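Engineer:
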Amino acid sequence: MIGGIDSGRRGEGRTQRTEKWGTALAAHAVELDARFGPGGPARLFFSPGRVNLMGAHLDYNGGPVMPTAIDRGTFLAVRERSDRRLRFASTTEDAGFETELPSVQSERTGRWVDYPLGVVLEILRVAGRERAPCGLDVLFGGNLAVGAGLSSSASICVGTAFALDAAWGLCLDRMDLVHAALRAERGFVGVRCGIMDPYAIGLAREDRLLWLDCKDATSEFIPFGAGRLSIAVADTLVRRELAHVAFNERVEQCRLAFEGLRAGQPDAKCLRDIRLETLEEHRTRIDPLAAKRAEHVIREVGRTFAARDALLSGDATGFGRQMCLAHDSLRRLFEVSVPELDVIVESAVACEGVLGARLTGAGFGGCAVILLETAAGPFVRDRIVSDFERRFGRTPSIEFYGGDAGPREIAGPLEAA
Ligand code: GLA
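Structure representation (structure tokens):
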């Protein structure tokens with residue numbers, strides 16, 4: 009089902025439904041003891057990743073975005089300790105980490121633990137250090153590709169915030185947890201990201217696209233369910249070493265573009281507000297690279313509104329068309345695509361039943377998201393794999409994702425759904 013805005017309330021608290029990843033989650037709880045040695049009972053949490061369908065690189069420019077949570081994410085197994093030690097380990101990373109409450113290490117390590125550590129510092133700041141009553145052992149893991157544009161970092165950060173809140177009985181507001189995750193990534197880890205990822209994960213509702221206007225953080229949910237249409241995610245398996253540096257560069261170029269253009273449009277508060285005519289009139293005043301970035305942002309704002317209108321009027325084809333235009337702009341003007349992504353998008357859109365395709369997340373490798381008619385799935389997968397193998401001599405990973413209801417404690421039954 010697509011179309012129509014929904015403002016209904018979401019379910020909160022512990023989930024009792026059979027979890028899709030029940031068996032893997034149960035194994036994750038067992039692994040906690042294997043990593044840390046025997047201890048008290050484990051509590052389990054799940055925090056999804058997200059795909060963004062429209063509004064690429066708009067969040068930090070104050071524009072609108074259209075992400076949705078996916079049924080792949082971070083698993084957290086948490087148990088209380090009788091002392092004040094805080095220990096982190098991961099099923100996918102080698103080194104663990106340990107610190108002690110209430111002071112807690114506040115220097116970055118340069119490793120994956122900076123994400124949860126940043127969240128701990130934020131939660132203690134918001135709630136007060138005295139409100140962390142016990143140490144914790146936390147094991148991270150899950151089934152979300154890391155560094156692939158599916159927001160693995162926000163998934164960890166939001167999941168950590170929810171798990172700490174539950175384990176320490178803090179009862180913080182949902183938005184406090186989302187903002188703790190955001191500040192950890194921006195302030196502690198040092199990525200100049202916008203608000204999209206923690207909002208998309210923290211506010212998620214199953215089978216809804218989040219319409220988030222990043223200028224004032226207002227949001228709505230648009231039904232976008234399973235059925236006739238599916239979302240496929242094709243992972244190039246390309247990971248750029250310094251993607252966060254390249255990302256921060258784009259943020260800086262957009263900032264410079266806005267600084268240069270705002271004189272031509274004094275009412276503008278952010279790059280999203282700048283009109284195309286203003287850019288054309290003042291283009292020569294700003295750095296050519298900044299002008300290209302600005303052109304992407306300004307046109308992407310228009311495309312994202314057009315995509316929203318298409319969706320609300322039940323025009324999935326029109327929505328898909330905007331996705332394809334977005335990819336072209338990300339390739340030519342924002343320059344965050346790579347040949348592997350372009351080949352996937354080209355192969356996908358050449359298939360009958362594909363409505364649109366584009367890179368998702370920051371780019372520089374990672375994944376393309378494909379909107380397609382469910383029945384076309386097997387053919388589209390074969391076509392992309394064979395085109396990709398012919399060109400690059402290796403196989404991309406292609407999966408069909410369902411939606412997700414957002415971060416939650418898993419209270420069983422832990423069986424495979
Ligand atoms: C990354 C950032 C987001 C957003 C996207 C690009 O995922 O974390 O805040 O800027 O890139 O749309």
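Heads up: the sequence shown begins at 9 in the numbering used here, then just goes up one per residue. The beta carbon of each residue, even a glycine, is placed where N, CA and C say it ideally should be. Just so it is clear, the structure is predicted and the values come from calculations on it, not from any experiment.
(1) To the nearest angstrom, how far is the alpha carbon of G71 from that of V253?
(2) Run the CB neighbour count on G414, radius 10 Å, all protein chains shown included, and call it buried at 16 or more, exposed below.
(3) How many angstroms separate the CA atom of L220 from the CA atom of Y409?
(4) Of all the options G57, L33 and N69, which has the alpha carbon lying nearest to the alpha carbon of A276?
(5) From the DSSP output, in three-state form, read off M9 for me.
(6) Can you grab the Cα-Cα spacing for the pair G202 / D67, in whole Å?
(7) Mind pulling the beta strand (DSSP E) runs of 3 or more residues that sit fully within the segment 69 to 153?
(8) If you follow the alpha helix (DSSP H) that C313 is in, where does it begin and where does it stop?
(9) Go through its chain and collect everything with a Cβ distance to Q24's Cβ below 7 angstroms, but skip five positions before and after it.
(10) Nearest CA to the CA of T325: which residue from L211, L338, V344 and E360?
(11) Any chance the CB of D184 is under 7 angstroms from a heavy atom of the ligand GLA?
(12) Is C278 near the ligand GLA - that is, is its Cβ less than 7 angstroms away from at least one heavy atom of it?
(13) Go to S394, then tell me how far its alpha helix (DSSP H) extends in each direction, as first and last residue.
(14) Consult DSSP for D173 and reduce its assignment to one of helix, strand or coil.
(15) With a 10 Å radius around its C-beta and 16 neighbouring C-beta atoms as the bar for buried, classify P110 as buried or exposed.
(16) Between the Cα of I209 and the Cα atoms of A318, G235 and R80, which residue gives the shortest distance?
(17) Note down the Cα distance separating V246 from E348, rounded to an integer number of angstroms.
(18) I think N256 touches R293, with their Cβ atoms under 8 angstroms apart; what is that distance to the nearest whole Å?
(19) Going by beta carbon distance, what residues of the same chain come within less than 8 angstroms of L264, once the five residues before and after it are set aside?
(20) If the criterion is Cβ atoms closer than 8 angstroms, does the pair G157 and L367 meet it?
(21) Using only the alpha-carbon positions, how far apart do F196 and I164 sit?
(22) The beta strand (DSSP E) with I282 in it runs from where to where?
(23) Quick one, are the C-beta atoms of I406 and S355 less than 8 angstroms apart?
(24) First and last residue of the alpha helix (DSSP H) that includes G364?
(25) When the distance is taken between beta carbons, is G47 closer than 8 angstroms to D205?
(26) Please report how far the alpha carbon of G352 lies from the alpha carbon of A135, in whole angstroms.
(27) By DSSP, does S355 sit in helix, in strand, or in coil?
(28) From this set, R398, G369, L379 and V241, which residue's C-alpha is nearest S159's C-alpha?
(29) Compute the minimum distance between the beta carbon of Y123 and the heavy atoms of the ligand GLA, and state whether it is under 7 angstroms.
(30) Could you tell me how far apart the beta carbons of L333 and I230 are, in whole angstroms, since I believe they sit closer than 8 angstroms?
(31) Between L269, A251 and A315, which lies nearest to L218 when the distance is taken from Cα to Cα?
(32) With a threshold of 8 angstroms on Cβ separation, who are the neighbours of P404 within its own chain once the five nearest residues in sequence on each side are excluded?
(33) Taking the DSSP output, what are the residues bridged to R216?
(34) To the nearest angstrom, how far is it from the Cα of C179 to the Cα of R213?
(35) So what's G414 in DSSP terms, helix, strand or just coil?
(36) For D181, does the count of other Cβ atoms within 10 angstroms reach 16, so buried, or fall short, so exposed?
Structural biologist: With the structure as the only source:
(1) One C-alpha to the other measures close to 22 angstroms.
(2) Counting C-beta atoms within 10 angstroms of its own C-beta, G414 has 16 or more neighbours from the protein chains shown and is therefore classed as buried.
(3) So the alpha carbons of these two residues sit roughly 21 angstroms apart.
(4) Just measuring C-alpha positions, the residue of G57, L33 and N69 sitting nearest A276 is N69.
(5) Note that M9 has pLDDT 33, beneath the 50 cutoff, so the model's placement of it is unreliable and the number below is only indicative. Here M9 sits in coil by DSSP.
(6) Cα to Cα, the separation comes out at about 5 angstroms.
(7) List check, beta strand (DSSP E) in window: 72 to 88, 93 to 98, 105 to 108 and 144 to 150.
(8) The amino acid occupying residue 313 in the given sequence is Phe; Cys does not appear at that position. Unbroken alpha helix (DSSP H) run through F313: P296 to L320.
(9) Here Q24 scores only 43 on pLDDT, less than 50, and its place in the model should not be relied on; the value that follows carries that caveat. Cβ neighbours of Q24 beyond the five flanking positions: A419.
(10) The alpha carbon of T325 has as its nearest neighbour, out of L211, L338, V344 and E360, the alpha carbon of E360.
(11) D184: no, Cβ never under 7 angstroms from the ligand GLA.
(12) Because no heavy atom of the ligand GLA lies under 7 angstroms away, the Cβ of C278 does not count as near it: no.
(13) Secondary structure note for S394: its alpha helix (DSSP H) is the uninterrupted segment G385 to F400.
(14) Annotated three-state conformation of D173 is helix, per DSSP.
(15) P110 comes out exposed.
(16) It is R80.
(17) Rounded to the nearest whole angstrom, the CA to CA distance from V246 to E348 is 8 angstroms.
(18) Rounded, the Cβ-Cβ distance is 24 angstroms, inconsistent with contact.
(19) Taking L264 as the centre and dropping the five residues before and after it, the same chain places the C-beta of I294, D295 and A298 closer than 8 angstroms to its C-beta, in chain order.
(20) Judged by their CB atoms, G157 and L367 are nearer to each other than the 8 angstroms cut-off.
(21) Near 14 angstroms, if we compare the C-alpha coordinates of I164 and F196.
(22) Here I282 belongs to no beta strand (DSSP E), and DSSP marks it neither H nor E.
(23) It is not a contact, given that the beta carbons lie outside the stated cut-off.
(24) No alpha helix (DSSP H) holds G364; the beta strand (DSSP E) holding it covers V362 to L367.
(25) No, they are not a contact pair.
(26) Note that residue 352 corresponds to Ile in the displayed sequence, not to Gly. CA-CA distance, I352 to A135, rounds to 46 angstroms.
(27) When DSSP states are grouped into helix, strand and coil, S355 belongs to the helix group.
(28) Of R398, G369, L379 and V241, the residue nearest in Cα terms is G369.
(29) Relative to the ligand GLA, the beta carbon of Y123 is positioned no closer than 7 angstroms to any heavy atom.
(30) Not confirmed; about 19 angstroms, so no contact.
(31) Closest by alpha carbon: A315.
(32) Excluding residues within five positions, the ones whose Cβ falls inside 8 angstroms are A242, D243, T244, L245, E348, I352, I392, V393 and F396.
(33) Beta bridge pairing from DSSP links R216 with P231.
(34) Rounded to the nearest angstrom, the gap between the Cα atoms of C179 and R213 is 20 angstroms.
(35) Under the three-state reduction of DSSP, G414 is assigned to coil, being neither helix nor strand.
(36) Looking at its Cβ environment, which holds fewer than 16 other Cβ atoms inside 10 Å, D181 is exposed.
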